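Down below is the structure, laid out as structure tokens.
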Amino acid sequence: MRLLARLRARLGALAHAPERDRQMDDEVRFHLEMEAEKNRRLGHGPEEAQRQARVRFGGVDGVKEACRDASGVRLLQDFVQDLHYGLRSLRRSPGFAAVVVATLGLGIGANTAMFSVVNTVLLRPLPYREGESLMVLRQAAPGAGEEDLGLSPLEVQDFREQARSLDGVVEYHSMAFTLLGAGEPTRVQTGVVSWNFFEVLGVEPVLGRGFRPEEERPGAEAVLVASHEFWQQHLGADPGAVGRRFNMNDRVHTVIGVLPPLPRYPGEDDVYMPTVACPFRSRPRVAENRESRMLQALGLGLGAVTALALARLVAGLLFGVAPTDALCFVGSGLLLVLVAALACVLPARRATAIDPQIALRSL
Amino acid sequence: MSNSVDLLQGTLDLLILRTLVPGAQHGWGLSQRIQQVSEDVLRVGQGSLYPALHRLEEQGWIKASWGESENGRRAKFYELTRAGRKRLETETANWERLSAAVARILEVA
């Protein structure tokens, strides 16, 4: 507690430094006057009295400096003085200052950008239920240089039936269709998904409902779930949007639900439909062909996955460059070193370019 | 000056605190009083008195205010704070212990 009071006193002393200097002057003057008076009473002449007083007192400035030391403001005062000096020198050579500032800004900016990416991709999980255990299943053919082959519907079925560590496996692919019936014909990016897609992700519609299992059976009525953005922009945020019908792909689709505003994952889809409603996927050539791979599969792997593994997949999916890429880290580190070196070298070179004689003279 | 004894910093603090017990005093008055009471043995140089006063103020043992001196001049007066009084007690006790110990050694040795 006393420490706080002392710190306050020091800061106060610093703030009132000129005032305190004046006070010190007054105090010293008072002392000298009293001393001179005493000397006069002892019989010295007025001038002699004053001289003696001053002699006895000693160096006034020395005393004042010692007082300033004692009140603990020296450190702060020196620092403030150095700060002023630095600013003055910068002002005298604006070009140089600009170069140093730009260098530092570039380095700091680059690293901040890099960290932001890492932060959002790696450190913050997806806002879906159990986002850390959400996995994207990908098939790769490294021999053929192919990282993402996709999966065929039959393969997804295999995963669903055989993978024991996966709780729910859902399909996803995205196509662009034309929607009729909402004013002008609109091109809508459509996410074609398994019926339990929203369940697996843990997303609850704000209006209506998600898909039901029977809607994924061939021949079922075509239904749509709209994204929040689509509902706002093209359906006019109509609270009665559920039940509205639109024409897509020569079929009538009924809106059964609207999603909450969430980052649209895995793709930026306007609407969602069940797998069987997709004309392309439903073609026998696609639906029954093991080799026809256009799907991504998402699985909820409870207890089977570490967050890091997930992040790598997600990162790869979203950005194409994994932020845990060693090259990125090394590159960023080198950039920092370079920036620091530049920020130090430039002023140093300038300093050595000054003739010592001139430097001393200008003090 | 030839009679004066060099005072340790802590001892000077102690003397100042003690001299302020009767009441508030300004810097010059303090130096005069110490000189008087010690019968001229201790003459506190201004080089040590004022820094000591600032230090004591910064630590909160004394507080300062401006007032009128006996002859009508404006002067800075110092007085003990409550913490200062407590400090005086503990420091006096320490001093007595210290000087008693020194005296014992000087006797025996």
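Residue numbers (our numbering), protein chains in the order written: chain A, 1 to 363; chain B, 1001 to 1109.
Glycine included, C-beta positions come from ideal geometry on N, C-alpha and C.
Since the model is a prediction, treat every value here as computed from it, not as a measurement.
Inclusion of V223(A) and P274(A) in the CB contact set at 8 Å is warranted, their separation being smaller than that value.
Between the beta-carbon of G1027(B) and that of K1076(B) there is about 7 Å, and that keeps the pair under the 8 Å contact cut.
Contacts between A343(A) and chain B, judged by CB atoms closer than 7 Å, are missing: the closest CB pair is about 38 Å apart. With a threshold of 8 Å between beta carbons, W1028(B) makes contact with chain A. Taking C-beta atoms as the reference points, L1012(B) and V1044(B) count as a pair closer than 8 Å.
Under the Cβ criterion of 8 Å, Q1025(B) is not counted among the residues facing chain A. Contact of G62(A) with chain B by beta-carbon distance below 7 Å involves G1047.
Rounded to the nearest whole angstrom, the CA to CA distance from R212(A) to G257(A) is 12 Å. Those residues of the region 1047-1065 of chain B placed with their C-beta closer than 9 Å to a C-beta in chain A are G1047, S1048, L1049, Y1050, P1051, A1052, L1053, H1054, R1055, L1056, E1057, E1058, Q1059, G1060, A1064, ordered along the chain. For Y1050(B), the enclosing alpha helix (DSSP H) begins and ends at 1046-1059. One finds nothing in chain B with a Cβ atom closer than 9 Å to the Cβ of F79(A); even the nearest lies about 18 Å away. W195(A) sits in coil when the DSSP states are folded into three classes, being neither helix nor strand. Residue environment for E27(A): buried (at least 16 other C-beta atoms within 10 angstroms of its C-beta). Within the region 42-55 of chain A, no residue has its Cβ closer than 8 Å to any Cβ of chain B.
The Cβ of K1086(B) sits no closer than 8 Å to any Cβ of chain A. In the DSSP annotation of this structure, F280(A) is not part of any beta strand (DSSP E); the continuous alpha helix (DSSP H) holding it starts and ends at 279-282. I1105(B) and A66(A) have their C-alpha atoms some 36 Å from each other. Taking the C-beta atoms as reference points, H228(A) is found no nearer than 8 Å to L201(A).
In the structure shown, T190(A) falls within a strand segment according to DSSP collapsed to helix, strand and coil. At a cut-off of 8 Å between beta carbons, A36(A) makes no contact with chain B. In the same chain as E268(A), and ignoring 5 residues on each side of it, the C-beta atoms closer than 7 Å to its own belong to Q189, in chain order. Assigned with DSSP and collapsed to three states, H228(A) falls in helix.
Around the beta carbon of A348(A), a 10 Å sphere encloses fewer than 16 other beta carbons of the protein chains shown; the residue is thus reported as exposed. Between the region 1087-1105 of chain B and the region 50-57 of chain A, the count of C-beta pairs closer than 8 Å stays below three; the two stretches do not touch. With respect to the C-alpha of L151(A), the residue from G168(A), Y172(A), L134(A), S165(A) having the closest C-alpha is Y172(A). For V1037(B), the uninterrupted alpha helix (DSSP H) run begins and ends at 1027-1037, by DSSP. Residue state for N247(A) is assigned as strand, using DSSP reduced to three classes.
Residue environment for N1071(B): exposed (fewer than 16 other C-beta atoms within 10 angstroms of its C-beta).
Put simply, the backbone Cα of S174(A) is about 10 Å away from that of D270(A).
Our two residues, R164(A) and D158(A), have alpha carbons roughly 11 Å apart in a direct line.
Under the three-pair Cβ rule at 8 Å, the region 1049-1057 of chain B counts as touching the region 1024-1039 of chain B. If you draw a straight line from the Cα of C344(A) to the Cα of F115(A), it is about 24 Å long.
Contacts with chain A at 8 Å (Cβ-Cβ) do not include R1082(B). Proximity of chain A to R1073(B) at the Cβ level (cut-off 7 Å) is accounted for by F30, E33, in chain order. Burial of Y265(A) is indicated by the presence of at least 16 other C-beta atoms within 10 angstroms of its C-beta. Sixteen is the threshold: since fewer than 16 other Cβ atoms of the shown chains lie within 10 Å of the Cβ of E221(A), the residue is exposed.
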